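Below is one structure, written out as structure tokens, with a few remarks after it.
There are 2 protein chains.
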Amino acid sequence: MHIDRAATAGQSFNRDPQAKFTVAKPPHPNTPLTEHLAYLLAQANREINRQLETRLSTEGVPVEQWRILKVLSDGEGHSMGDLADAVLLNHPTLTKMIDRMVSDSLVYRRQDAHDRRKVLMFISDHGKALCKRLNSLAASQEAHILENYGDKATGELKRLLENLIDAAS
Amino acid sequence: MHIDRAATAGQSFNRDPQAKFTVAKPPHPNTPLTEHLAYLLAQANREINRQLETRLSTEGVPVEQWRILKVLSDGEGHSMGDLADAVLLNHPTLTKMIDRMVSDSLVYRRQDAHDRRKVLMFISDHGKALCKRLNSLAASQEAHILENYGDKATGELKRLLENLIDAAS
DNA sequence: TCGAAAATGTTGAATGTTCAAGAATTGGGA
DNA sequence: TCCCAATTCTTGAACATTCAACATTTTCGA
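The listed protein sequences derive, respectively, from chains A and B.
Each residue of the first sequence is one higher than the one before, starting from 17 at the first, in the numbering used here.
Each residue of the second sequence is one higher than the one before, starting from 17 at the first, in the numbering used here.
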């Protein structure tokens with residue numbers, strides 16, 4: 017490891033020249049990290065995702081694969097593009113994850129008869145059985161959250177998140 | 017690409033044997049993906065993070081580096097462990113990201129005099145200047161959210177997220 | 001005081017993701 | 001009709017992250 021011997025450490029006292037006489041509400045308030053919405057979302061997501069990951073690891077399956085199985089478990093064929101949007105993965109990442117799932121016989125590919133550029137994904141019986149077990153694990157996590165966090169707060173949080181997603185996209 | 021010729025597609029009609037006569041509230045409800053808290057959090061986080069990323073890309077800096085600079089901008093030395101917790105990164109990931117930031121002269125390492133296992137991180141003047149510009153970009157994003165999403169909803173959402181993080185960890 | 005266990009940070013190999021480019025197909029205007 | 005642009009998905013190289021193992025230092029009990 018390399019540790020610098022010396023470095024500039026001068027404290028600069030340059031007031032913002034735009035501030036002039038106003039005191040309240042500086043133009044670029046130095047908000048603490050923990051008050052930024054983006055940070056709170058990242059933190060909450062990390063924690064909840066970690067818990068879910070721990071549960072699903074019983075079956076040795078990453079969260080994204082559970083999402084994929086869940087989307088496909090309607091029995092319909094879903095194109096790679098639609099699937100990528102639904103499970104929040106980039107296209108190349110999805111392609112490679114699907115490759116693994118095909119190896120594990122959880123899903124299979126079919127070419128779309130109407131548009132041969134498209135590939136339709138389907139869930140196998142093996143995948144369905146696994147998905148059912150995973151749903152159970154995920155449901156128990158949600159139940160656990162409801163206990164600690166409360167029914168009302170959870171519902172309200174979900175509602176606000178849905179609105180944010182609508183407003184932001 | 018390899019597409020399967022044929023695959024098992026039999027629809028299995030196995031009712032849950034535990035269900036018997038109850039009809040409402042099956043034991044493991046097949047909740048749609050979009051109603052899971054974990055999914056909503058992932059979706060919202062992805063969207064907001066993407067927006068922030070876009071803004072910060074003006075300066076060619078990833079979100080995580082902004083967080084690091086922000087934490088260090090109190091001028092105090094922060095150990096790698098504390099920093100990793102604060103900016104939501106694993107230790108090895110942080111080590112390598114800090115390596116890059118040291119190359120860019122944004123931060124520097126010092127050994128802790130009181131506990132020589134520890135490495136303390138400091139921000140450089142160059143890093144401070146960059147951080148100030150990044151704060152500006154981030155603030156403008158928050159302002160943009162407040163416009164579209166509303167002051168009240170944002171405050172309420174932040175409050176609920178803070179509570180969730182407390183309850184979940 | 002000594003030594004084993006815990007704490008802290010880094011490294012290298014394995015793994016996963018992303019970016020840019022490519023192949024195949026479709027659609028639509030000249 | 002024909003051709004070029006747009007769409008859809010995959011691939012390979014560059015890049016980043018993670019896991020396990022390691023080195024160093026501290027802590028704490030015998």
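Just so it is clear, CB atoms sit at the ideal spot from N, CA and C, and this is done for glycine as well.
Because the structure is a prediction, the values reported are computed rather than measured.
- If you compare the alpha carbons of A:Leu99, A:Asn61, A:Val79 and A:Ala60 with that of Leu136 (chain A), the shortest gap goes to A:Leu99.
- Sequence-distant Cβ neighbours of Arg83 (chain A) in its own chain, meaning closer than 8 Å and more than five residues away, are Ala102, Val103 and Leu104.
- Residues of the stretch 170 to 181 of chain A that bring their beta carbon within less than 7 Å of a beta carbon in chain B comprise Thr170, Glu172, Leu173, Lys174, Leu176, Leu177, Glu178, Asn179, Leu180 and Ile181, in sequence order.
- At a C-beta separation below 7 Å, Lys86 (chain A) has these neighbours in chain B: Leu49.
- Taking C-beta atoms as the reference points, Ala58 (chain A) and Asn65 (chain B) count as a pair closer than 8 Å.
- Taking a contact to require three or more Cβ pairs closer than 8 Å, the stretch 68 to 80 of chain B and the stretch 151 to 166 of chain B qualify as touching.
- Residues of the stretch 49 to 74 of chain B that bring their beta carbon within less than 8 Å of a beta carbon in chain A comprise Leu49, Glu51, His52, Leu53, Ala54, Tyr55, Leu56, Leu57, Ala58, Gln59, Ala60, Asn61, Arg62, Glu63, Ile64, Asn65, Gln67 and Leu68, in sequence order.
- Excluding its 5 nearest sequence neighbours in each direction, Arg132 (chain A) has no C-beta neighbour in its own chain below 7 Å.
- For Asn164 (chain A), the chain B residues whose Cβ falls inside 8 Å of its Cβ are Ala183 and Ala184, in order along the chain.
- In the DSSP assignment, Arg126 (chain A) falls within the unbroken beta strand (DSSP E) covering Val123 to Gln127.
- At least one CB atom of chain A sits nearer than 8 Å to the CB of Asn151 (chain B).
- Rounded to the nearest whole angstrom, the C-alpha separation of Glu92 (chain B) and Leu49 (chain A) is 15 Å.
- Boundaries of the beta strand (DSSP E) around Leu136 (chain A): Val135 to Ile139.
- Annotation: Ser140 (chain A) to Ala129 (chain A) spans about 20 Å, alpha carbon to alpha carbon.
- Taking every protein chain shown into account, the CB of Gly97 (chain A) has fewer than 16 other CB atoms within 10 angstroms, so this residue is exposed.
- At a beta-carbon threshold of 7 Å, the residues of chain A lying near Asn46 (chain B) are Asn151, ordered along the chain.
- When secondary structure is reduced to three states using DSSP, His107 (chain A) falls in the helix class.
- Annotation: Cβ neighbours of Arg83 (chain B) in chain A (cutoff 8 Å, chain order): Leu49 and Tyr55.
- Secondary structure at His130 (chain A): coil, using DSSP grouped into helix, strand and coil.
- When Cβ-Cβ separations below 8 Å define contact, Glu92 (chain B) makes no contact with chain A.
- For Ser156 (chain B), the secondary structure class from DSSP, reduced to helix, strand or coil, is helix.
- Neighbours of Ile114 (chain A) in chain B, taken as residues whose beta carbon is under 7 Å from its own, are absent, since the nearest beta carbon is some 10 Å off.
- Val79 (chain A): member of the alpha helix (DSSP H) spanning Val79 to Leu88, first to last residue.
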